[in-house]
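Going down the list, the protein sequences come from chains A and B.
Just add 10 to wherever you are in the first sequence, counting from 1, and you've got my numbering.
Just add 204 to wherever you are in the second sequence, counting from 1, and you've got my numbering.
Each residue gets a CB set at the ideal place from its N, CA and C atoms; glycine is no exception.
On a predicted model such as this, the values are computed, not experimentally measured, just so you know.
In what follows, a single structure is set out as structure tokens and then discussed.
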Amino acid sequence: GTRIFYERAFLMQCRESP
Amino acid sequence: QQIVSPDMLIKHPLQNRWAMWFFKNDKSKEWTANLKLITAFDTVEDFWGLYNHIQKASRLPSGCDYSLFKDGIQPMWEDASNKNGGRWLVNLNKNQRQTELDNFWLETLLCLIGEAFDDLTDDICGATINIRNKGDKLGLWTRDARRGDATLQIGKKLKERLKIPQKIGIGFQAHSDTATKAGSTARDRYRV
Numbered sequence: 011g012t013r014i015f016y017e018r019a020f021l022m023q024c025r026e027s028p
Numbered sequence: 205q206q207i208v209s210p211d212m213l214i215k216h217p218l219q220n221r222w223a224m225w226f227f228k229n230d231k232s233k234e235w236t237a238n239l240k241l242i243t244a245f246d247t248v249e250d251f252w253g254l255y256n257h258i259q260k261a262s263r264l265p266s267g268c269d270y271s272l273f274k275d276g277i278q279p280m281w282e283d284a285s286n287k288n289g290g291r292w293l294v295n296l297n298k299n300q301r302q303t304e305l306d307n308f309w310l311e312t313l314l315c316l317i318g319e320a321f322d323d324l325t326d327d328i329c330g331a332t333i334n335i336r337n338k339g340d341k342l343g344l345w346t347r348d349a350r351r352g353d354a355t356l357q358i359g360k361k362l363k364e365r366l367k368i369p370q371k372i373g374i375g376f377q378a379h380s381d382t383a384t385k386a387g388s389t390a391r392d393r394y395r396v
């Protein structure tokens, strides 16, 4: 099945998300 | 009114729901009473909401732990998901508490929530950071110590993500060995 993964860079970009 | 991209409004779901735990060593209480669930989350944004809010691991008093485990798995050997497993152990020296520890712990958390272990995700239970004056320890906990190839691949990925130099080895210890050890350390079942 499908699996959700995130690259490190993307996770770090989300750090300041409102 | 501002037009906002949907990307700014929709939280990004994680493959797994994760629970963050905190342990504080109060010798007047039972071990299990000292272990507290902080909260669980299943989106990237909720992870950051939690991480940005809590104390950095390097600032915790000695004797404290943070643990991040898949929801439903308790951060203890006795849990059904952990009892046949073990942990990759990264031992830090005293200097590394200020220089490396927070980076190592954050990187480990990002590996977990980002599913950095690919097809081996089902082998992953969680991770723990132990703050101890005798030496801090980071452990990545897996489900089954008998799965040699999977365990080795997980160890290599961890070492790569933490940027641990090749010449420095890390060991994997089965919880059953740790629980019954005679000395201060259990033997390594695997090393990378």
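Could you name the residues of chain A that Gln219 (chain B) contacts, counting a contact when the two beta carbons are closer than 8 Å?
-> Walking along the second sequence from the start, residue 219 (chain B) turns up at place 15. Result: Arg13, Ile14 and Phe15.
Assuming Ser273 (chain B) and Gly352 (chain B) form a contact by the criterion Cβ under 8 Å, report the distance between their Cβ atoms to the nearest whole angstrom.
-> Here residue 273 (chain B) corresponds to residue number 69 of the second sequence, with the count starting at 1. Here residue 352 (chain B) corresponds to residue number 148 of the second sequence, with the count starting at 1. Inspection of the sequence shows that residue 273 (chain B) is occupied by Phe rather than by Ser. Taking a contact as a CB-CB distance under 8 Å, the pair Phe273 (chain B) and Gly352 (chain B) does not count as one, their CB atoms being some 23 Å apart.
Which of helix, strand or coil DSSP assigns to Ile258 (chain B) | The residue you call residue 258 (chain B) lines up with position 54 of the second sequence. Note: Ile258 (chain B) maps to coil in three-state DSSP.
Helix, strand or coil: how does DSSP classify Val248 (chain B) here?
-> Within the second sequence, residue 248 (chain B) is the residue found at index 44, counting from 1. Helix at Val248 (chain B).
Through-space distance from Lys361 (chain B) to Asn295 (chain B), alpha-carbon basis | Taking the first residue of the second sequence as 1, we reach residue 295 (chain B) at position 91. Taking the first residue of the second sequence as 1, we reach residue 361 (chain B) at position 157. Distance between the alpha carbons of Asn295 (chain B) and Lys361 (chain B) is about 17 Å.
Pick from B:Gln302, B:Arg347, B:Trp292 and B:Leu313: whose alpha carbon is nearest that of Gly373 (chain B)?
-> Against the second sequence, residue 373 (chain B) aligns to sequence position 169. Nearest C-alpha to Gly373 (chain B): B:Trp292.
Is it the case that the Cβ atoms of Cys24 (chain A) and Val208 (chain B) are separated by a distance below 8 Å?
-> Here residue 24 (chain A) corresponds to residue number 14 of the first sequence, with the count starting at 1. Here residue 208 (chain B) corresponds to residue number 4 of the second sequence, with the count starting at 1. Val208 (chain B) sits away from Cys24 (chain A), with the two beta carbons spaced by 8 Å or more.
Residue environment, Met22 (chain A), which counts as buried when at least 16 other CB atoms sit within 10 Å = As a position in the first sequence, residue 22 (chain A) is number 12, starting the count at 1. Classification of Met22 (chain A): exposed, given that the 10 Å Cβ count is below 16.
Check whether the Cβ atoms of Gly444 (chain B) and Arg395 (chain B) lie closer than 8 Å to each other.
-> Any question about residue 444 (chain B) goes unanswered here, given that chain B covers just 205 to 396.
Using the C-alpha atoms, what's the distance from Phe20 (chain A) back to Glu319 (chain B)?
-> Position 115 of the second sequence, counted from the start, is the residue given in the question as residue 319 (chain B). Position 10 of the first sequence, counted from the start, is the residue given in the question as residue 20 (chain A). Straight-line measurement puts the Cα of Phe20 (chain A) at about 13 Å from the Cα of Glu319 (chain B).
Could you check what DSSP says for Trp292 (chain B) in three-state terms: helix, strand or coil?
-> Along the second sequence, one-based indexing puts residue 292 (chain B) at 88. Looking at Trp292 (chain B) - three-state DSSP - the assignment turns out to be strand.
Whole-Å CB distance - Leu366 (chain B) paired with Phe308 (chain B), under 8 Å assumed = As a working note, residue 366 (chain B) is residue 162 in the second sequence. As a working note, residue 308 (chain B) is residue 104 in the second sequence. About 5 Å separates the two Cβ atoms, so the contact holds.
Can you list, in chain order, the residues of its chain whose CB lies under 8 Å from that of Asn297 (chain B), leaving out five sequence neighbours each side?
-> Position 93 of the second sequence holds residue 297 (chain B). Within the same chain, Asn297 (chain B) has close Cβ partners Gly339.
When the Cα atoms are used, what is the spatial distance from Leu241 (chain B) to Ala383 (chain B)?
-> Taking the second sequence and counting its residues from 1, the one referred to as residue 241 (chain B) is at position 37. Taking the second sequence and counting its residues from 1, the one referred to as residue 383 (chain B) is at position 179. In this model, Leu241 (chain B) and Ala383 (chain B) are separated by some 23 Å (Cα to Cα).
Cβ-based neighbour list, Asp275 (chain B), same chain, cut-off 6 Å, excluding 5 preceding and 5 following = Here the question's residue 275 (chain B) lines up with position 71 in the second sequence. Counting only Cβ-Cβ distances below 6 Å, and skipping sequence neighbours, we find Arg221, Ala223 and Ala244.
What are the residues of the segment 270-300 of chain B that lie near chain A, defined by any Cβ-Cβ distance shorter than 8 Å?
-> Listed by position, the residues of the segment 270-300 of chain B near chain A (Cβ gap below 8 Å) amount to none.
Can you tell me whether DSSP reads Gly330 (chain B) as helix, strand or coil?
-> The count along the second sequence starts at 1 and reaches residue 330 (chain B) at position 126. Of the three classes helix, strand and coil, the one that applies to Gly330 (chain B) here is strand, per DSSP.
Taking Gly289 (chain B) and Gln377 (chain B) to be in contact with their CB atoms under 8 Å, please state how far apart those CB atoms are, rounded to whole angstroms.
-> For this step, residue 289 (chain B) is matched to residue 85 along the second sequence. For this step, residue 377 (chain B) is matched to residue 173 along the second sequence. Not a contact, Cβ separation roughly 10 Å.
As assigned by DSSP and simplified to three states, the class of Ser271 (chain B) | Counting from one through the second sequence, the residue named residue 271 (chain B) turns up at place 67. Strand.
So with Cβ pairs under 8 Å, would you call Gly267 (chain B) a contact of chain A?
-> Along the second sequence, one-based indexing puts residue 267 (chain B) at 63. Not an interface residue.
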